[in-house]
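Peer 1: Residue numbers (numbering that gives the first Met the number 0), protein chains in the order written: chain A, 0 to 200; chain B, 0 to 167; chain C, 0 to 412. Every residue, glycine too, gets a C-beta built ideally from N, C-alpha and C.
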Amino acid sequence: MEVKREQVDEFRIRQLRARDMLRNDLSDDELEKYVEQAVVTTTLEKAIGWAQGNSIYPMTFGLACCSIEMMAIASSPRVDLARFGWEAFRASPRQADLIILAGRISTKMAPIIRRVYDQMLEPKFAISMGACCSSLGVYNNYALIPADKFMPVDVYVPGCPPRPEALVNGILKLREKIQHNAKPGWRERYDAVGTEEVVGA
Amino acid sequence: MPDAAGLDLIAEQLTAVDDACLTGHGFDRGHAELQIDPAKNIQVLQWLQQRGFTFLASVHGVDYYPHEPRLGVVYELLDMQTVDRVSVKARVSTAAPEIDSAVPIWPGANADEREVYDMFGVIFVGHPDLRRILMPEDYEGFPQRRDFPIGGEPVLFTHNEHGYGEDR
Amino acid sequence: MSTVSDYRRHEESVTYSSELSGSGESHELLTINFGPVHPSTHGVLRLYATLEGEIVRDIQPVIGYLHTGIEKTAEDKSYWKAIPVVERMDYLSYYFNAMAYCGAVEQLLELEVPKRAQYLRVIHLELDRLMSHMIWIGTFALDLGAISPIFYCFRQRELLLDLFEMSSGQRMHTRYFQVGGVAEDIPQGFRQKLQQYLDQAPAVFDMLADLFENNEIVLQRLRNVGAISQQTALDLGVTGPLLRATGNPWDLRKAAPYSSYDDFDFKIPVGTVGDNYDRFRVRHAELYESVKIIQQALDGLPDGPYIADDRKVVLPPRHELATSMEALIHHFKLVTEGFRVPEGESYYPVESPRGELGCFVRADGSAKPARVHMRDPSFHNLQALAPMVRDGYLADFIATLAALDPIIGGVDR
């Protein structure tokens, strides 16, 4: 394959620069510029967060209709979770660090979910997928419990069922959170802090 | 479905077998129904089974509150040879909710009767394993009765949002 | 050396018997719990399995982990608003749930559904059957250990969901069926897209069959495993592909046709032995028959209204609201209070991908149903699990559970 002449020149220039830096031959500005181009600095937190966020093992935990859409992101060629590195669904809670509560949580099932969540090891995350586990959804009755009544939830994904793209949106939000890169909420973005209504003060 | 005439024939034959078991029958908009005395339900079901209604599609309960007797147990029967359906309804009151179990005749009624017990409180005498099937084992109350509240979370508006957080 | 001769003596004293254990000797029974959270994709089903060595002696399913109070919630909503509530019961056959409920209410109202609406309903019902069987084949293969079929099946599912999204805007739980017909007519381009799908579908079904048929291991795992007799199935209330696999050609689409199914020419695949292999073949053959039905319905789709025109039950078309006072009043009444149904009870069964799905509605003259009960096929089919797996190996039990196609949303309601 023919390598273009500019590419060869580029490469040669960088090689010579690196050699100069190692020989302590670069002056202040040149050194600055070199460091900016070639070295990435970050905090340890962010580095670990970046690694964690790209290799989460979700747990195979489908309850009801939302689980079919979750299977659609896990095993459908169209919207695929493997592009984020999250395709390794683990069956055992000890090996998983994300639980996607996909479906409706009944009173009989809640203690079991809590037990499974407790068996997961830190750091662990929970996504409440769908309207039923976020806020009872269509079924506001005696039989269901919203997820945040008995376990901490990181991201809520609304929908009945949420499209695979919507679930991926929730997953990306969680990924931002893990990578310490969370976007600010809408009040910060639209400069609306201080407009909350205070009740019964 | 048997039409109205077919249902009348069944009702006549049933009354010929035993005078007191049938308390009413009706054919309404495609739905054929026999209302029977709950004490004789096994007899009627067996007679219908021999007459050709060999498939039990469903056993379910209905709460007729405020009409007494309140709890109805409905057996949906199907005759596969002539494609006829008939519903057999037996009504019991909450004061005496016992009725004989159909499990000896149709083993498939097992889970259905457990569900009727769980949701309405009808006690099936002779059922091999009558316990709650859908609700937790120690649940109190019979959820699908009409006087059982629907439950659930209150919908949050501005006027009731303030006190909500303290209960959680 | 003494140890070697001891070893040889021990080796020669062991008898190699290939009889199944439990014959003559007594072994301990071990009850283990297949918890509600397990790696298979069949929802939250808990099973107490009593094992004797590797042989399953008894299975007791424990259900209720997904109980949603659907029937109680439907009593709280008006007839129109209860359709989405009831739809989410058996979550892979949502059109069938809506069809059973709308059929029961239409029977009580004595409402005539126009022909075009009936054909559109049949098209969507059969597309739903295709989708449900696709998912079943994919997850069945996954439970047997094969990982690739699920990708092909979900690819097909995405194509079907594109069609659902075209006609109703939603992929799942579309609320497309209304009392009196369907919510909207099919849009421009639906026919072409559907035709495209139908043209490429049989080749994909052939490929899926080859994935199973050309694999000797899969065949050995499925043949003569989990067999059940026809009489046992009928006593337990089993319907659908499970009953047809045992040899009984009972199908509500042929026996008691509803919604113009008698206009179409299709066959009912029937098995012989009633084992897992027959269940697979019956469901797979149903795919081709469904494609035939959809093709006939598409070719013969009549013109006409897509919903009944009884304004007391069906919303008037929106353009009339600007001109007609009666239309406005009807719209207002229907949206706020809903239509009233005269007193009575009805039971309407349909043939869902899992069996007879029936809806019992009791109306007491008000705008809300007084009792809605869904007769779910999976609830009754699950009772057949115990006879199927008794005295078989534990590994076969997993395959049989997958071949049963239980949908726990329907079981628990």
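Please tell me whether L100 of chain A has its Cβ less than 7 Å away from any Cβ of chain B.
Peer 2: No, because no Cβ of chain B sits closer than 7 Å to the Cβ of L100 of chain A.
Peer 1: Since L143 of chain A and T67 of chain C are thought to touch, with beta carbons under 8 Å apart, how far apart are those beta carbons, to the nearest angstrom?
Peer 2: Confirmed, about 6 Å.
Peer 1: Between the alpha carbons of K253 of chain C and M88 of chain C, how many angstroms are there, rounded?
Peer 2: Whole-angstrom Cα-Cα distance: 25 Å.
Peer 1: Classify P316 of chain C: buried if its beta carbon has 16 or more other beta carbons within 10 angstroms, exposed otherwise.
Peer 2: That one is exposed.
Peer 1: For the 8 Å Cβ check, are there 3 or more pairs between the stretch 86-95 of chain A and the stretch 181-196 of chain A?
Peer 2: Taking 8 Å as the limit for Cβ pairs, the verdict is that the stretch 181-196 of chain A does not touch the stretch 86-95 of chain A.
Peer 1: Can you pull the chain E neighbours of A89 of chain B, defined as C-beta to C-beta under 8 Å?
Peer 2: No chain E is present in this structure, whose protein chains are A, B and C.
Peer 1: Residues of chain B with a CB under 8 Å from the CB of L135 of chain A: which are they?
Peer 2: Residues of chain B passing the Cβ test: G151 and E152.
Peer 1: Where I397 of chain C and R174 of chain A are concerned, what is the direct C-alpha to C-alpha distance, given to the nearest angstrom?
Peer 2: Each residue's alpha carbon lies about 35 Å from the other.
Peer 1: Any chance you could list the beta strand (DSSP E) runs of at least 3 consecutive residues sitting entirely within the stretch 123-173 of chain A, in chain order?
Peer 2: Counting only runs of 3 or more, we get 124-128 and 154-156.
Peer 1: Can the beta-carbon of F60 of chain A be found closer than 7 Å to that of L97 of chain A?
Peer 2: No, the Cβ-Cβ distance between F60 of chain A and L97 of chain A is not below 7 Å.
Peer 1: Note down, in chain order, each residue of its chain lying with its Cβ closer than 8 Å to the Cβ of F153 of chain C, except the 5 sequence neighbours on either side.
Peer 2: The answer, listed in chain order, is M133, I134 and G137.
Peer 1: What residues from chain C crowd round I182 of chain B, counting only those whose CB sits closer than 7 Å?
Peer 2: The structure shown does not extend to residue 182 of chain B, since chain B is modelled only from 0 to 167, so the question has no answer here.
Peer 1: By alpha-carbon positions, which one of A:E44, A:I47 and A:R18 ends up nearest to Y33 of chain A?
Peer 2: Considering only alpha carbons, the answer is A:R18.
Peer 1: Measure from the alpha carbon of D375 of chain C to the alpha carbon of each residue in C:I146, C:E183 and C:S92, then state which is nearest.
Peer 2: The shortest Cα separation from D375 of chain C among C:I146, C:E183 and C:S92 belongs to C:S92.
Peer 1: How about N214 of chain C and A402 of chain C: do their beta carbons lie closer than 7 Å?
Peer 2: Cβ distance not < 7 Å, so N214 of chain C and A402 of chain C don't count as in contact.
Peer 1: Let me know the secondary structure DSSP gives H66 of chain C once reduced to three states.
Peer 2: DSSP places H66 of chain C in coil when its eight states are reduced to three.
Peer 1: Taking the alpha-carbon of A369 of chain C as reference, which of B:R144, B:L155, B:Q34 and B:I98 has the nearest alpha-carbon?
Peer 2: Among B:R144, B:L155, B:Q34 and B:I98, the Cα nearest to that of A369 of chain C is on B:R144.
Peer 1: What residues are listed by DSSP as bridge partners for D57 of chain C?
Peer 2: Answer by DSSP bridge pairing, in chain order: C:T49.
Peer 1: Check whether the Cβ atoms of P240 of chain C and V281 of chain C sit closer than 7 Å, and answer yes or no.
Peer 2: Yes, these two residues count as a Cβ contact at 7 Å.
Peer 1: Using DSSP bridges, identify the partner residues of M373 of chain C.
Peer 2: C:C358, per the DSSP bridge assignment.
Peer 1: Please give the ranges of any alpha helix (DSSP H) in the stretch 264-349 of chain C, keeping only runs that are unbroken, at least 4 residues long and fully inside the region.
Peer 2: Listed in chain order, they are 275-298 and 324-335.
Peer 1: Can you give the Cα-Cα distance for A226 of chain C and G391 of chain C, rounded to whole angstroms?
Peer 2: Spanning the two alpha carbons is a distance of roughly 10 Å.
Peer 1: Answer with buried or exposed for I407 of chain C, where buried requires no fewer than 16 other C-beta atoms within 10 angstroms of its C-beta.
Peer 2: Classification of I407 of chain C: buried, given that the 10 Å Cβ count is 16 or more.
Peer 1: Starting from S57 of chain B and walking both ways along the beta strand (DSSP E), at which residues does that stretch end?
Peer 2: Counting along the chain, the beta strand (DSSP E) containing S57 of chain B begins and ends at F54 to D62.
Peer 1: With distances taken from CA atoms, which of C:S258, C:T72 and C:A385 is nearest L50 of chain C?
Peer 2: Closest by alpha carbon: C:A385.
Peer 1: Would you mind stating whether Y347 of chain C and G180 of chain C have Cβ atoms separated by less than 7 Å?
Peer 2: No. Outside cutoff.
Peer 1: Please confirm if the stretch 304-311 of chain C is in contact with the stretch 166-181 of chain C, defined as three or more CB-CB distances below 8 Å between the two stretches.
Peer 2: Contact between the stretch 304-311 of chain C and the stretch 166-181 of chain C is present, because at least three Cβ pairs lie under 8 Å.
Peer 1: Could you name the residues of chain B that T106 of chain A contacts, counting a contact when the two beta carbons are closer than 7 Å?
Peer 2: Simply P135.
Peer 1: So, at 8 Å on beta carbons, what are the nonlocal neighbours of M70 of chain A in its own chain, with the 5 sequence-adjacent residues on each side left out?
Peer 2: Counting only Cβ-Cβ distances below 8 Å, and skipping sequence neighbours, we find G61.
Peer 1: Since G68 of chain C meets chain A, which of its residues come closer than 8 Å, beta carbon to beta carbon?
Peer 2: Within chain A, the residues near G68 of chain C are Y138, N140, Y141, A142 and L143.
Peer 1: Would you say P151 of chain A and M119 of chain A are within 7 Å of each other, going by their C-beta atoms?
Peer 2: The answer is no: Cβ separation not under 7 Å.
Peer 1: Is L80 of chain A close to chain C? Criterion is C-beta to C-beta, closer than 7 Å.
Peer 2: Taking Cβ atoms only, chain C never reaches closer than 7 Å to L80 of chain A, which makes this a no.
Peer 1: In the structure shown, what three-state DSSP assignment does V16 of chain B receive?
Peer 2: Correct three-state label for V16 of chain B: helix.
Peer 1: Can you pull the chain B residues whose beta carbon is under 9 Å from the beta carbon of S345 of chain C, in chain order?
Peer 2: Ordered by position in chain B, the residues that pass the 9 Å Cβ test against S345 of chain C are D27, R28, G29 and H30.
Peer 1: Would you call R8 of chain C buried or exposed, if buried means 16 or more other Cβ atoms sit within 10 Å of its Cβ?
Peer 2: Classification of R8 of chain C: exposed, given that the 10 Å Cβ count is below 16.
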